[in-house]
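Quick note: the sequence shown uses this note's numbering, first residue 158, plus one each step. Data first, discussion second: the structure below is written as structure tokens.
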Amino acid sequence: PIVLARILCPSEYIGNVQKLCHERRGTFKGMNYLDPQRVELDFELPLSEIVLDFYDRLKSGTRGYAGLDYEFIEMRPDQLVRLDILVNGDPVDAFSVIIHEDKAFLHGRDLVRKLKELIDGGLTPREAGRKLAEDEYYHLLIIRWYNFTTLHSRQVCT
Numbered sequence: 158p159i160v161l162a163r164i165l166c167p168s169e170y171i172g173n174v175q176k177l178c179h180e181r182r183g184t185f186k187g188m189n190y191l192d193p194q195r196v197e198l199d200f201e202l203p204l205s206e207i208v209l210d211f212y213d214r215l216k217s218g219t220r221g222y223a224g225l226d227y228e229f230i231e232m233r234p235d236q237l238v239r240l241d242i243l244v245n246g247d248p249v250d251a252f253s254v255i256i257h258e259d260k261a262f263l264h265g266r267d268l269v270r271k272l273k274e275l276i277d278g279g280l281t282p283r284e285a286g287r288k289l290a291e292d293e294y295y296h297l298l299i300i301r302w303y304n305f306t307t308l309h310s311r312q313v314c315t
């Protein structure tokens with residue numbers, strides 16, 4: 158679902174609002190100055206990008222002065238993929254997410270790094286030995302393992 162988001166904010170925060178909306182896959186549709194200090198910005202955004210923490214980040218970026226109103230426009234197909242995280246070769250359902258193709262690699266990389274920290278956090282390097290976490294994304298396999306003191310990365314096409 159795509160929504161039309163109307164954001165009212167002081168004109169000094171236009172840059173912050175535009176940056177946030179573009180990070181959330183927004184498309185700029187228009188800008189209307191209500192007076193020299195207030196502006197209305199219109200963006201088309203996927204609803205999935207708004208529901209989590211968009212409003213909080215909007216308020217933070219404008220020091221609480223922005224307002225948000227949105228309405229449903231239409232349903233559009235998008236490039237969503239399933240991201241599976243494998244631990245020791247076995248997929249872990251709790252880590253699987255459906256995510257936009259543009260964000261899948263970064264999300265997977267961050268999740269694998271955090272998983273590595275949690276797995277190896279309580280173990281000495283000798284105990285850890287060779288812990289393996291894989292981030293499988295379409296035809297690219299990123300393997301990261303902790304072997305004594307070195308974190309290795311390898312990209313393998315499958």
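Don't be surprised by glycine CBs; every beta carbon is placed ideally from N, CA and C. All figures in this text were calculated on a predicted structure; none of them were measured in a lab.
What is the DSSP secondary structure of arginine 220, counted as helix, strand or coil?
In the displayed model, arginine 220 falls within coil according to three-state DSSP, outside both helix and strand.
Can you give the Cα-Cα distance for histidine 257 and glutamate 169, rounded to whole angstroms?
31 Å
I need the DSSP call for valine 174, collapsed to helix, strand or coil.
helix
Element boundaries [alpha helix (DSSP H), containing glutamate 201]:
Premise fails: glutamate 201 lies in the beta strand (DSSP E), 195–203, not in any alpha helix (DSSP H).
Pick out whichever of Val174, His179 and Asp210 has its Cα sitting closest to the Cα of leucine 198.
Nearest C-alpha to leucine 198: Val174.
Just reading off the beta strand (DSSP E) that proline 167 is part of, what are its end residues?
Bounds of the beta strand (DSSP E) holding proline 167 are 159–167.
Straight-line CA distance for glutamate 291 to valine 238?
Low confidence applies here, because glutamate 291 scores a pLDDT of 46, under 50, leaving its location unreliable; read the following figure in that light. Straight-line Cα distance between these residues: approximately 17 Å.
Under the rule that 16 or more other beta-carbon atoms within 10 Å means buried, what is aspartate 184, buried or exposed?
For clarity, residue 184 is threonine in the given sequence; the question names aspartate instead. Exposed: under 16 other Cβ atoms inside 10 Å.
Output the distance between the C-alpha atoms of glutamine 101 and proline 167, rounded to the nearest integer angstrom.
In this structure the chain extends from 158 to 315, so residue 101 is not present and cannot be described.
Throw me the rounded Cβ distance for the leucine 240 and glycine 265 pair, which I believe falls under 8 Å.
5 Å
Using alpha carbons as the reference points, say which of Ile255, Leu243 and Lys186 lies closest to leucine 272.
Relative to the Cα of leucine 272, the nearest Cα in the group Ile255, Leu243 and Lys186 belongs to Leu243.
Pick helix, strand or coil for leucine 209, following the three-state DSSP scheme.
The DSSP-derived three-state label of leucine 209 is coil.
Tell me whether phenylalanine 229 is buried or exposed, calling it buried when 16 or more other Cβ atoms sit within 10 Å of its Cβ.
Exposed, by the Cβ-count rule.
So what's arginine 214 in DSSP terms, helix, strand or just coil?
helix
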